[in-house]
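Q: Structure provided below as structure tokens; questions to follow.
There are 2 protein chains.
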Amino acid sequence: MQTPKKIAIVGSGLVGTLLAIYLKKLGHTVHVYDRSPDIRKINFSGRSINLVLSDRGIKALKDVGLEDEVLGIGIPVEKRAIHVGVDTVNEQFYGKDGEVIYSLSRGLLNKKMVDLAEQAGVDFYFEQKVWDVDLNTATISIGETERGEWFTKDYDITFGADGAFSRIRHRMQRQSMFNYSQEFLNIGYKELNIPANPDGKHKLNKNALHIWPRGNFMLMALANPNGSFTCTLFMPHDGENSFEELKTKEQLVEFFAKHFPDTKEVIPNLVEDFFKNPTSYLVTMKCFPWTFSDKVALIGDACHAIVPFYGHGMNAGFEDITVLNNMIEKYGDDWANLLNDYENSRKPNTDAIAELSYRNFMEMSSKTADEKFLLQKKIEKWFSDKHPDKWMPLYSRVTFSLQPYSEALAIGDFQNKIMEEILKIENIENKWNSEEVENMIIQLLNSK
Amino acid sequence: MQTPKKIAIVGSGLVGTLLAIYLKKLGHTVHVYDRSPDIRKINFSGRSINLVLSDRGIKALKDVGLEDEVLGIGIPVEKRAIHVGVDTVNEQFYGKDGEVIYSLSRGLLNKKMVDLAEQAGVDFYFEQKVWDVDLNTATISIGETERGEWFTKDYDITFGADGAFSRIRHRMQRQSMFNYSQEFLNIGYKELNIPANPDGKHKLNKNALHIWPRGNFMLMALANPNGSFTCTLFMPHDGENSFEELKTKEQLVEFFAKHFPDTKEVIPNLVEDFFKNPTSYLVTMKCFPWTFSDKVALIGDACHAIVPFYGHGMNAGFEDITVLNNMIEKYGDDWANLLNDYENSRKPNTDAIAELSYRNFMEMSSKTADEKFLLQKKIEKWFSDKHPDKWMPLYSRVTFSLQPYSEALAIGDFQNKIMEEILKIENIENKWNSEEVENMIIQLLNSK
Numbered sequence: 001m002q003t004p005k006k007i008a009i010v011g012s013g014l015v016g017t018l019l020a021i022y023l024k025k026l027g028h029t030v031h032v033y034d035r036s037p038d039i040r041k042i043n044f045s046g047r048s049i050n051l052v053l054s055d056r057g058i059k060a061l062k063d064v065g066l067e068d069e070v071l072g073i074g075i076p077v078e079k080r081a082i083h084v085g086v087d088t089v090n091e092q093f094y095g096k097d098g099e100v101i102y103s104l105s106r107g108l109l110n111k112k113m114v115d116l117a118e119q120a121g122v123d124f125y126f127e128q129k130v131w132d133v134d135l136n137t138a139t140i141s142i143g144e145t146e147r148g149e150w151f152t153k154d155y156d157i158t159f160g161a162d163g164a165f166s167r168i169r170h171r172m173q174r175q176s177m178f179n180y181s182q183e184f185l186n187i188g189y190k191e192l193n194i195p196a197n198p199d200g201k202h203k204l205n206k207n208a209l210h211i212w213p214r215g216n217f218m219l220m221a222l223a224n225p226n227g228s229f230t231c232t233l234f235m236p237h238d239g240e241n242s243f244e245e246l247k248t249k250e251q252l253v254e255f256f257a258k259h260f261p262d263t264k265e266v267i268p269n270l271v272e273d274f275f276k277n278p279t280s281y282l283v284t285m286k287c288f289p290w291t292f293s294d295k296v297a298l299i300g301d302a303c304h305a306i307v308p309f310y311g312h313g314m315n316a317g318f319e320d321i322t323v324l325n326n327m328i329e330k331y332g333d334d335w336a337n338l339l340n341d342y343e344n345s346r347k348p349n350t351d352a353i354a355e356l357s358y359r360n361f362m363e364m365s366s367k368t369a370d371e372k373f374l375l376q377k378k379i380e381k382w383f384s385d386k387h388p389d390k391w392m393p394l395y396s397r398v399t400f401s402l403q404p405y406s407e408a409l410a411i412g413d414f415q416n417k418i419m420e421e422i423l424k425i426e427n428i429e430n431k432w433n434s435e436e437v438e439n440m441i442i443q444l445l446n447s448k
Numbered sequence: 001m002q003t004p005k006k007i008a009i010v011g012s013g014l015v016g017t018l019l020a021i022y023l024k025k026l027g028h029t030v031h032v033y034d035r036s037p038d039i040r041k042i043n044f045s046g047r048s049i050n051l052v053l054s055d056r057g058i059k060a061l062k063d064v065g066l067e068d069e070v071l072g073i074g075i076p077v078e079k080r081a082i083h084v085g086v087d088t089v090n091e092q093f094y095g096k097d098g099e100v101i102y103s104l105s106r107g108l109l110n111k112k113m114v115d116l117a118e119q120a121g122v123d124f125y126f127e128q129k130v131w132d133v134d135l136n137t138a139t140i141s142i143g144e145t146e147r148g149e150w151f152t153k154d155y156d157i158t159f160g161a162d163g164a165f166s167r168i169r170h171r172m173q174r175q176s177m178f179n180y181s182q183e184f185l186n187i188g189y190k191e192l193n194i195p196a197n198p199d200g201k202h203k204l205n206k207n208a209l210h211i212w213p214r215g216n217f218m219l220m221a222l223a224n225p226n227g228s229f230t231c232t233l234f235m236p237h238d239g240e241n242s243f244e245e246l247k248t249k250e251q252l253v254e255f256f257a258k259h260f261p262d263t264k265e266v267i268p269n270l271v272e273d274f275f276k277n278p279t280s281y282l283v284t285m286k287c288f289p290w291t292f293s294d295k296v297a298l299i300g301d302a303c304h305a306i307v308p309f310y311g312h313g314m315n316a317g318f319e320d321i322t323v324l325n326n327m328i329e330k331y332g333d334d335w336a337n338l339l340n341d342y343e344n345s346r347k348p349n350t351d352a353i354a355e356l357s358y359r360n361f362m363e364m365s366s367k368t369a370d371e372k373f374l375l376q377k378k379i380e381k382w383f384s385d386k387h388p389d390k391w392m393p394l395y396s397r398v399t400f401s402l403q404p405y406s407e408a409l410a411i412g413d414f415q416n417k418i419m420e421e422i423l424k425i426e427n428i429e430n431k432w433n434s435e436e437v438e439n440m441i442i443q444l445l446n447s448k
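Quick note, the sequences are listed as chains A and B, same order. In terms of UniProt numbering, the first sequence is residues 1 to 448. In terms of UniProt numbering, the second sequence is residues 1 to 448.
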């Protein structure tokens, strides 16, 4: 058991609220600050991608007894539905029978998490802008504007769960020996919407993640409980097939008619939503260290913001909390060593999911429409079903297992090299499930 | 000819002052701001590595008529003197006969550059802290402290020449789509000193860069005009053979007696200097973009801070000015396209010198004590002397030519692959200058 501390958490997002619940249940006093209003009191929409919850995130919720509460507002998703042409939809199951991920509306989930944290006894301070933290004392500075008056609040420990543009990290970044990088993709995204049918039912299969892969751009859709889908259009900011090219209503309608003709019926408010909703940016942010002595620590997007293409932003952030909780069990009151072990053990794994997420844009936007890629997935699934002890596909390692991300990435790369060899086999299209192929895979696996 | 503008330059270092001279000579009004006092009025010492000036830097000085002024305070350096043991000093010439680089004291040179800029009509504002710039208007904000009162000054264009921790870049970094990275080496450095002999002469050969390579740490020395040498000790911050291990006078003296016994006579103030001078950090910083419309631009360390192991920090910064000046000749008053072309054409080259500089720590600290490496250098020099049209060693391309850094890096990598093959030849030690080796190099060159 830990000695109770007075802890500030900056950020009332998904990671901030779940961390607050963990720390409160350990007996600490927990104050959560957010510069925005209480999400339960505002209309939250227009700039979010639906979230995907999978095993790592579920584990962190389950360990603190919140699994059922959260899965109750999620929709199970068992496959990709790949809209390759007007009438052609290919399906690709994510895992084995019964293995699903959950589609969650960010707004809905965040409201639920604030409720749950409040019920657990966490205190929230909304519309309180934290601009600075003293790394030696964990004291935070709060004020209306960056250049205006600030007042201070003292804490024993301050956590920065304040996202990709974290102010807590901003302070840490001014130290010597602080490594930092931010890299923007030339891909932006915009939220669109598929409303429910008049009877409240979903217009498309709600248990699939729908993708319209079109090379350097794509549309995707994930279901909400109210019968609607949240859609996200990903495309370059400028250049060919880009947001820059879609300046007028006519250009937009023509573009969708050409590339996504089958969405005309299901996205009735295309023009209104497109020009009303902002175009958002995608950034990969890495830094190190994440902590300062026993006083200040970063968690979630504040120390490892990733692009959304593996659906692991929230899962990775929640897994940070699992790792931190393991360290609390291991070190008790020794917060300095606890935080040190947390950042060192976690860093290689968040670097790995950053890499996997970055690579997955090409997989989703272009490879899902590629025959060779689909054949590879088919062979992997067939071999894995026959030899589950010998082969777990990369997606399953990342999403349906708790294997550290860095190990999943390394094994995935090895498996990919094997599949490259297999796909070179002459006439592989017709003998992909033959004994010859099976034996060759086994041989290549043993040659490791 | 350009229309005269009112231009602010933030930073009165080497790049800021040279840029000011260029812009003043073009007819602009130029105001240079610096948060520090006038370097001519203070005692500048204790935390600098001596500078090395070579062809790229000389070209930028020459084009504005300052070559002689600057070379007058420099000392020609023609070779590395590699102190491998107490009595063994290996020599390695940098280039062909007459090819030299120049050792310059940073303080001395910076004072001279401020003098020269003032003579050219540039106005200096010292002890004026610029905290912010408005990217849309180029207006700068100045004040005593970051959180105190600020006043503003209007300009047509503002240049950030304010070094690795640039405030101008700090503002640009808050934009979307701004890529940025800072990576610290776990190598620190400390200034030491070899005083002149009583007769004012140098204690070591002044026309050599002296290195004591010791694996993961090294000492180096570069001559000053007053008979002294500025020495720099590079070593890890922590771990084996590190600054952390040298906490007491006894530890320090014993360490130097063990690893640098031949320096005992020439560094009399070791203990005093070591504990008086700070341990400094080494960072590689990259970012993009460097400019904002026709209003704000970064230059020198402010947009590409590199580690000092190739001796190209100042040369790369001065070459930025050459490139900018070429763009001024090309675009005239079209500052938006001028700055755009400047950043796009320059960026791959500053990335390349960052990479070359990073690699060169291992070359200096460890490879210079390696027989195989010295043999490779000997073969390259021999072949290059015989076939100057076919082979220019990488160091010469970087230092004694104006070839873009990115091309030099690419060709250097190709040459290195060839030398790897050559060094595999059996008994190469004894036939390194044979016809067989000569023909093999020619053959490998043609196989490109």
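Built from N, CA and C at the ideal position, the CB exists for glycine as well. All values derive from a computational prediction rather than experimental measurement.
Could you tell me whether the Cβ atoms of Leu282 (chain B) and Ile187 (chain B) are closer together than 7 Å?
A: yes
Q: Quick one: using the 10 Å Cβ neighbour count with 16 as the cut-off for buried, is Glu146 (chain A) buried or exposed?
A: exposed
Q: As a quick exercise: from B:Ile168, B:Asn226 and B:Glu78, pick the residue whose alpha carbon is nearest that of Phe93 (chain B).
A: B:Glu78
Q: Which two residues bound the contiguous alpha helix (DSSP H) that contains Ser350 (chain A)?
A: Inspection of the sequence shows that residue 350 (chain A) is occupied by Thr rather than by Ser. Note, Thr350 (chain A): alpha helix (DSSP H), Trp335 to Ser365.
Q: From the DSSP output, read off the bridge partner residues of Trp212 (chain A).
A: A:Leu219
Q: Starting from Trp131 (chain A), trace the beta strand (DSSP E) in both directions and tell me its first and last residue.
A: Val130 to Val133
Q: In chain B, which residues lie less than 8 Å from Met1 (chain A) when you measure between Cβ atoms?
A: For Met1 (chain A), no chain B residue has a C-beta closer than 8 Å to its own C-beta; the minimum C-beta separation is roughly 34 Å.
Q: Quick one: list the residues of chain B neighbouring Phe184 (chain A), beta-carbon separation under 8 Å, in chain order.
A: Ser176, Met177, Phe178 and Asn179
Q: Please confirm whether Ile189 (chain B) has its beta-carbon closer than 7 Å to some beta-carbon of chain A.
A: Residue 189 (chain B) is actually Tyr in this sequence, not Ile. Taking Cβ atoms only, chain A never reaches closer than 7 Å to Tyr189 (chain B), which makes this a no.
Q: Cβ of Tyr22 (chain A) less than 7 Å from any chain B Cβ?
A: no
Q: So which residues of chain A does Tyr405 (chain B) contact, with C-beta pairs closer than 9 Å?
A: Result: empty, since nearest Cβ-Cβ is about 21 Å, beyond 9 Å.
Q: What are the start and end residues of each continuous beta strand (DSSP E) run of 3 or more residues lying completely inside the stretch 26–77 of chain A, in chain order?
A: 29–33, 51–53 and 75–77
Q: Give me the Cβ distance between Thr158 (chain B) and Val122 (chain B), rounded to the nearest whole Å; I'm assuming they're in contact under 8 Å.
A: Thr158 (chain B) to Val122 (chain B), Cβ: 15 Å. No contact.
Q: Where residue 505 (chain A) and Gly11 (chain A) are concerned, what is the direct C-alpha to C-alpha distance, given to the nearest angstrom?
A: For residue 505 (chain A) there is no data in the structure shown, the boundaries of chain A being 1 and 448.
Q: Going by beta carbon distance, what residues of the same chain come within less than 7 Å of Lys286 (chain A), once the five residues before and after it are set aside?
A: Ser181, His304, Asp351 and Ala354
Q: Please say whether Phe217 (chain B) and Asn193 (chain B) have beta carbons closer to each other than 7 Å?
A: no
Q: Whole angstroms is fine: what's the gap from Leu51 (chain B)'s alpha carbon to Phe184 (chain A)'s?
A: 35 Å
Q: What do you get for Val364 (chain A), buried or exposed, if any count of 16 or more other CB atoms within 10 angstroms of its CB means buried?
A: Reading the sequence as shown, one finds Met at residue 364 (chain A) and not Val. Per the 10 Å Cβ criterion, buried.
Q: Using only CA atoms, which one of B:Leu356, B:Ala138, B:Ile75 and B:Ile140 lies nearest to Thr399 (chain B)?
A: B:Leu356
Q: Under DSSP, the beta strand (DSSP E) around Arg80 (chain A) begins and ends at which residues?
A: Lys79 to His83
Q: Thinking C-beta only, is Lys203 (chain B) closer than 7 Å to Val114 (chain B)?
A: For Val114 (chain B) and Lys203 (chain B), no; Cβs fall outside 7 Å.
Q: Among A:Gly143, A:Leu53, A:Tyr331 and A:Thr152, which residue has its Cα nearest to the Cα of Ser103 (chain A)?
A: A:Leu53
Q: Using the rule of at least 16 other Cβ atoms within 10 Å of the residue's Cβ for burial, across every protein chain shown, is Leu209 (chain B) buried or exposed?
A: buried
Q: Can you tell me where the alpha helix (DSSP H) with Gln119 (chain B) in it begins and where it stops?
A: Arg106 to Ala120
Q: On the premise that Lys372 (chain B) lies in contact with Leu444 (chain B), defined as a C-beta separation below 8 Å, what is that separation, rounded to the nearest angstrom?
A: Wrong, their Cβ atoms sit about 18 Å apart, outside the cutoff.
Q: Ordered along the chain, which non-local residues of its own chain (more than five positions away) have a Cβ less than 6 Å from that of Lys190 (chain A)?
A: Leu233, Asn277 and Thr279
Q: Tell me which residues share the same chain as Leu402 (chain A) and place their Cβ nearer than 7 Å to its Cβ, disregarding the 5 neighbours each side in the sequence.
A: Asp55, Arg56 and Lys59
Q: Just the chain B side, please: which residues come within less than 7 Å of Tyr281 (chain A) by C-beta, in chain order?
A: Under the 7 Å cutoff, chain B gives Ser176 and Met177.
Q: Determine, using beta-carbon pairs with one atom in the stretch 375–383 of chain A and one in the stretch 428–441 of chain A, whether at least three such pairs fall under 8 Å.
A: yes
Q: Determine, using beta carbons only, whether Ile211 (chain B) and Ile49 (chain B) come nearer to each other than 7 Å.
A: No Cβ-Cβ contact shorter than 7 Å links Ile211 (chain B) with Ile49 (chain B).
Q: Just the C-alpha distance for residue 465 (chain B) and Lys264 (chain A), rounded to the nearest angstrom, thanks.
A: An answer regarding residue 465 (chain B) cannot be provided, because it is not within the stretch 1 to 448 covered by chain B.
Q: Suppose only complete runs of 3+ residues qualify. What are the beta strand (DSSP E) ranges in the stretch 181–207 of chain B, listed by chain order?
A: 187–194
Q: From what residue to what residue does the beta strand (DSSP E) around Ser7 (chain A) run?
A: The sequence shown places Ile at residue 7 (chain A), rather than the Ser named in the question. Per DSSP, the unbroken beta strand (DSSP E) holding Ile7 (chain A) starts and ends at Lys6 to Val10.
Q: From Asp273 (chain A) to Lys247 (chain A), what does the alpha carbon distance come to, in whole angstroms?
A: Our two residues, Asp273 (chain A) and Lys247 (chain A), have alpha carbons roughly 14 Å apart in a direct line.
Q: With DSSP run on the structure shown, which of helix, strand or coil describes Phe165 (chain A)?
A: coil
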